[in-house]
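The structure appears right after this line, and notes come after that.
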């Protein structure tokens, strides 16, 4: 810091002005955040939850009993592609669930399967206007690019329908107070940026639902217990389309009894 830049000592010059400005800006912003009252979420149909402090469950959409949240009976009454009842045998490479059914052998991609379950859950909640929202312990500032800012402003209300509580907070900066429950403690910031960069035309809402399901789903390489695998398979049996993930990739490989006999030369 140079105090001799002005004869009357009325000015000082910092060696790194950008750094000083950034530190002061951050301190002022944090002070404003702490002093701002938490607004009420206007949508009365949103199921709002208080911030969680306990350890994150494996299933990010789990209910209070610890089970993976499934689809309601009303939603399950719609026509669907049937999947036979399967018996879980184990897990392969911490990524695939091995199961058998009356029609043979099944190898299930656990990430794709959970992604399908969550995608249909998100679509169901939006259709009923009962999105599960999770409040954040502290509001998070989200800074976006000029292009992202334009997209966000044009889809502001749609983001609220998906469970995001976002409010403007300066130039291309927003304050996030709540997120969809299935994304709590996930990398939802990266997901929002990714969606804002890739949105186009009328497929915005479906792209958002797909991205939420993808980021909220269990990952390949994640070890599951027998109960967790059975729960996931049970829910996969109940979705409308159990054979492909929202991206269109296959969820499972099926080898029929006849195929297995043929492979082992038992014609």
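Numbering (this note's numbering), first residue to last: 287 to 553. Note that CB positions come from ideal geometry on N, CA and C, so glycine has one too.
Could you give the first and the last residue of the continuous alpha helix (DSSP H) run that contains residue 377? Position 91 of the chain shown, counting from 1, holds the residue named residue 377. Where residue 377 is concerned, there is no enclosing alpha helix (DSSP H), although the beta strand (DSSP E) it sits in stretches over 373–378.
For residue 444, does the three-state DSSP call read helix, strand or coil? Here residue 444 corresponds to residue number 158 of the chain shown, with the count starting at 1. Note: residue 444 maps to helix in three-state DSSP.
Assigned secondary structure, residue 398 (DSSP; H/G/I helix, E/B strand, else coil): For the purposes of this step, residue 398 is taken as the residue at position 112 of the chain shown. In the structure shown, residue 398 sits in a helix (DSSP, three-state: H, G or I).
Can you tell which of 514, 383, 477 has the C-alpha that lies nearest to the C-alpha of residue 496? Position 210 of the chain shown, counted from the first residue, corresponds to residue 496. Looking at the Cα atoms, 477 is the closest of the given residues.
The segment 505–514 in contact with the segment 378–398 per 3-pair CB rule at 8 Å: yes
Does residue 514 pass the burial test, meaning 16 or more other C-beta atoms within 10 Å, or should it be called exposed? Mapped onto the chain shown, residue 514 falls at position 228. It counts as buried.
Measuring alpha carbon to alpha carbon, tell me which residue in 393, 385, 373 is nearest residue 536. What you label residue 536 is simply residue 250 of the chain shown in a count that begins at 1. Minimum Cα distance to residue 536 is reached at 393.
Three-state secondary structure assigned by DSSP to residue 420: Looking up residue 420 in the chain shown gives position 134. It is a strand residue.
Cβ of residue 399 within 7 Å of Cβ of residue 482? One-based indexing of the chain shown puts residue 399 at position 113. One-based indexing of the chain shown puts residue 482 at position 196. Contact: no.
Could you name each continuous alpha helix (DSSP H) segment of 4 residues or more that falls completely within the segment 470–498, going from the start of the chain to the end? 474–484
Hey, how far is the Cα of residue 473 from the Cα of residue 419? In the chain shown, the residue the question calls residue 473 occupies position 187. In the chain shown, the residue the question calls residue 419 occupies position 133. A straight-line Cα-Cα distance of about 16 Å links residue 473 and residue 419.
Residue from 435, 470, 444 whose Cα sits closest to the Cα of residue 425: Numbered from its first residue, the chain shown carries residue 425 at position 139. Out of 435, 470, 444, 470 has the C-alpha closest to the C-alpha of residue 425.
Taking 7 Å as the cut-off, decide whether the C-beta atoms of residue 385 and residue 369 are in contact. The count along the chain shown starts at 1 and reaches residue 385 at position 99. The count along the chain shown starts at 1 and reaches residue 369 at position 83. Going by C-beta atoms, residue 385 is not nearer than 7 Å to residue 369.
Identify whether residue 526 lies in helix, strand or coil by the three-state DSSP scheme. In the chain shown, residue 526 corresponds to position 240, counting from 1. The answer is coil: DSSP assigns residue 526 none of H, G, I, E or B.
Quickly, what does DSSP pair residue 451 with across the bridge? List them, please. The residue you call residue 451 lines up with position 165 of the chain shown. Per DSSP, 464.
Determine the direct distance from the alpha carbon of residue 388 to that of residue 448, and round the result to whole angstroms. Reading the chain shown from its first residue, position 162 is the one you call residue 448. Reading the chain shown from its first residue, position 102 is the one you call residue 388. Approximately 39 Å, taken between the alpha carbons.
Residue 500 burial status per 10 Å Cβ neighbour count (16 or more: buried): For the purposes of this step, residue 500 is taken as the residue at position 214 of the chain shown. Residue 500 comes out buried.
Could you give the distance in angstroms between the alpha-carbon of residue 334 and the alpha-carbon of residue 549? For this step, residue 334 is matched to residue 48 along the chain shown. For this step, residue 549 is matched to residue 263 along the chain shown. In this prediction, residue 334 scores a pLDDT of 47, lower than 50, which makes its location untrustworthy; the coordinate-derived value is nonetheless stated afterwards. Rounded to the nearest angstrom, the two C-alpha atoms are 53 Å apart.
Short of 8 Å in beta carbon distance, which residues of its chain neighbour residue 547, apart from the five on each side in sequence? Order them along the chain. In the chain shown, the residue the question calls residue 547 occupies position 261. Excluding positions up to five away in sequence, the list reads 553.
What residue range does the alpha helix (DSSP H) around residue 549 cover? For this step, residue 549 is matched to residue 263 along the chain shown. 543–549 is the span of the alpha helix (DSSP H), which, as asked, contains residue 549.
Residue environment, residue 457, which counts as buried when at least 16 other CB atoms sit within 10 Å: Start at 1 with the first residue of the chain shown, and residue 457 comes out as number 171. It counts as exposed.
Could you give the DSSP three-state label for residue 349: helix, strand or coil? Position 63 of the chain shown, counted from the first residue, corresponds to residue 349. The predicted model places residue 349 with a pLDDT of 39, which falls under 50 and marks its position as unreliable; any figure quoted below should be read in that light. Coil, per DSSP.
Should residue 509 be labelled buried (16 or more other beta-carbon atoms within 10 Å of its own) or exposed? Stepping through the chain shown from its first residue, residue 509 is reached at position 223. Exposed is the call here.
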